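In what follows, a single structure is set out as structure tokens and then discussed.
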Amino acid sequence: MMIDEINKAAQLLMEGKVVAIPTETVYGLAGNAFDENAVKQIFEIKQRPLFNPLIVHIKSVDYLEQIAKDIPVKALELAKHFWPGALTLVLPKKDIIPSIVTANKETVAVRVPSHPVTLQLLNRLEFPLAAPSANPFGYISPTKASHVEKQLGNKIPFILDGGSCEKGIESTIIGFENDEPVLYRVGAISKEEIEKCIGKIIIKNNAASKPEAPGMLSKHYSPNTKLLVSNGIIASINEHKDNNVGFLLFSDNTELQKRKFISLSDNNDLEEAAQNLYAAMHELDAMGFDFIIAELFPNSGLGVSINDRLHRAQKD
Ligand code: TXA
Ligand code: MG
Numbered sequence: 120m121m122i123d124e125i126n127k128a129a130q131l132l133m134e135g136k137v138v139a140i141p142t143e144t145v146y147g148l149a150g151n152a153f154d155e156n157a158v159k160q161i162f163e164i165k166q167r168p169l170f171n172p173l174i175v176h177i178k179s180v181d182y183l184e185q186i187a188k189d190i191p192v193k194a195l196e197l198a199k200h201f202w203p204g205a206l207t208l209v210l211p212k213k214d215i216i217p218s219i220v221t222a223n224k225e226t227v228a229v230r231v232p233s234h235p236v237t238l239q240l241l242n243r244l245e246f247p248l249a250a251p252s253a254n255p256f257g258y259i260s261p262t263k264a265s266h267v268e269k270q271l272g273n274k275i276p277f278i279l280d281g282g283s284c285e286k287g288i289e290s291t292i293i294g295f296e297n298d299e300p301v302l303y304r305v306g307a308i309s310k311e312e313i314e315k316c317i318g319k320i321i322i323k324n325n326a327a328s329k330p331e332a333p334g335m336l337s338k339h340y341s342p343n344t345k346l347l348v349s350n351g352i353i354a355s356i357n358e359h360k361d362n363n364v365g366f367l368l369f370s371d372n373t374e375l376q377k378r379k380f381i382s383l384s385d386n387n388d389l390e391e392a393a394q395n396l397y398a399a400m401h402e403l404d405a406m407g408f409d410f411i412i413a414e415l416f417p418n419s420g421l422g423v424s425i426n427d428r429l430h431r432a433q434k435d
């Protein structure tokens with residue numbers, strides 16, 4: 120019974136332990152956001168550098184004022200429109216959030232996840248959950264409980280299994296500079312959707328060594344197998360006729376004939392492709408290829424977010 124599992128996760132979290140939780144984007148590695156020790160364990164288990172702050176997951180828009188202050192009008196509009204959902208807001212933090220959560224920044228990243236299991240869990244707790252994606256730092260994010268099991272199973276006491284993640288790609292992150300919204304990480308909600316709600320938004324999604332949102336670190340979300348992004352997939356297929364290569368494609372491609380490939384959406388549907396992206400990367404990574412060639416997506420809507428992850432997955 121799911122209820123028993125949710126209770127078990129709640130119990131462990133109340134004891135200060137770290138557990139994996141499902142969200143609609145990717146699985147998270149969660150701990151009590153008010154408990155420094157629990158948060159410290161998250162960084163250790165994930166091998167995440169301490170300069171990279173975590174997202175705090177809360178149960179409702181109403182809870183926001185418990186942890187954030189000086190909330191811009193547009194932030195509240197976004198929260199009301201997209202929560203529960205795959206939008207993270209970076210806002211001035213209240214003192215109740217320990218500085219380890221925010222890597223000493225004066226801001227906190229926060230969202231209300233929409234996965235019903237995790238919403239039930241949050242409603243059972245008297246604290247919010249700090250949770251990065253439940254993957255070892257730099258590796259592909261998990262979109263199924265089995266991905267978490269494989270990567271971190273021996274380091275955590277429990278994985279709350281909520282099935283496959285519906286969105287399959289991390290939340291979109293928006294902060295404010297002089298009260299103007301700035302998009303720090305493209306993600307499961309497209310720029311177009313955000314702009315429909317609050318108007319024009321600037322993107323600062325660049326890679327840097329100490330970035331505003333280190334999801335922006337240029338090497339990230341990477342399989343162990345070398346991954347190459349291809350602008351011209353047909354040329355790449357022909358070029359690698361004799362190589363041990365796996366292809367990651369948007370949709371089925373007749374040129375491939377007997378080559379090994381995974382296609383993300385045979386109806387050319389970007390939402391479906393995003394949903395399948397990480398699972399396909401996990402799968403290709405386990406198939407023993409010398410390298411993986413990934414096809415670039417059309418650069419609009421969720422295609423932008425998928426291309427962003429593919430570029431970051433590409434190793435130098
Ligand atoms: O969809 C998601 O956002 C998933 C699920 C589990 O909620 N979480 C996730 O967490 O992707 P993580 O830790 O992998 O990425 C969090 C991102 C990082 O890029 C981090 O730098 C940024 O959020 N971030 C956190 N706090 C921040 C802050 N105060 N200012 C700017 N960026 C922040
Ligand atoms: Mg991550």
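Numbering (the numbering used here), first residue to last: 120 to 435. By construction, the Cβ of each residue, glycine as well, lies at the ideal position given by its N, Cα and C atoms. Predicted model, so just to flag it, every value in this text is computed and none were measured.
Close beta carbons around residue i, own chain, < 7 Å, minus the five adjacent residues each side
i	result
residue 328	With a pLDDT of only 42 at residue 328, under the threshold of 50, the placement of this residue in the model should not be trusted, and no figure is reported.
residue 221	172, 212, 227
residue 300	193, 293, 317, 320
residue 401	259, 266
residue 224	172
residue 421	309, 389, 390, 393
residue 235	none
Whole-angstrom distance between residue j and residue i, CA atom to CA atom
i	j	result
residue 173	residue 356	40 Å
residue 157	residue 126	18 Å
residue 239	residue 353	47 Å
residue 214	residue 186	8 Å
residue 176	residue 404	30 Å
residue 399	residue 261	11 Å
residue 349	residue 412	6 Å
residue 121	residue 160	26 Å
residue 305	residue 272	29 Å
residue 198	residue 360	49 Å
residue 322	residue 182	28 Å
residue 390	residue 263	17 Å
residue 148	residue 207	16 Å
residue 209	residue 246	19 Å
residue 282	residue 244	22 Å
residue 414	residue 364	13 Å
residue 237	residue 150	13 Å
Spatially closest choice to residue i from the options, by CA coordinates
i	options	result
residue 146	158, 267, 376	267
residue 343	270, 427, 149	270
residue 152	218, 167, 351, 163	218
residue 277	433, 426, 129	129
residue 279	131, 216, 428	131
residue 290	425, 154, 150	425
residue 427	351, 288, 167, 235	288
residue 163	364, 275, 351	275
residue 347	429, 417, 407	429
Residue i Cβ short of 7 Å to the ligand TXA heavy atom set
i	result
residue 304	yes
residue 227	yes
residue 176	yes
residue 150	no
residue 281	no
residue 145	yes
residue 128	no
residue 308	no
residue 294	yes
residue 194	no
residue 297	no
residue 209	yes
residue 221	yes
Residues of its chain near residue i, where Cβ-Cβ distance is below 6 Å and the 5 sequence neighbours each way are ignored
i	result
residue 202	180, 231
residue 387	370
residue 233	143, 203, 204
residue 395	383
residue 241	178
residue 285	143
residue 155	217, 219
residue 358	none
residue 423	305
Chain-order list of residues whose beta-carbon lies under 8 Å from that of residue i (same chain, five-residue window excluded)
i	result
residue 362	409, 410
residue 375	356, 366, 368
residue 255	165, 166, 270, 271
residue 308	201, 204, 205, 206, 290, 291
residue 196	316, 317
Residue i Cβ short of 7 Å to the ligand MG heavy atom set
i	result
residue 341	no
residue 289	yes
residue 251	yes
residue 355	no
residue 260	yes
Min CB distance residue i to chain D below 8 Å
i	result
residue 299	As a matter of chain content, chain D is missing from the structure shown, which is built from one protein chain.
Contact between the stretch 133-141 and the stretch 244-256 (3+ Cβ pairs under 8 Å): yes
contact_flag[the stretch 308-322, the stretch 375-386] where n(CB pairs < 8 Å) is 3 or more: no
Contact the stretch 292-302 vs the stretch 188-200: 3+ CB pairs below 8 Å: yes
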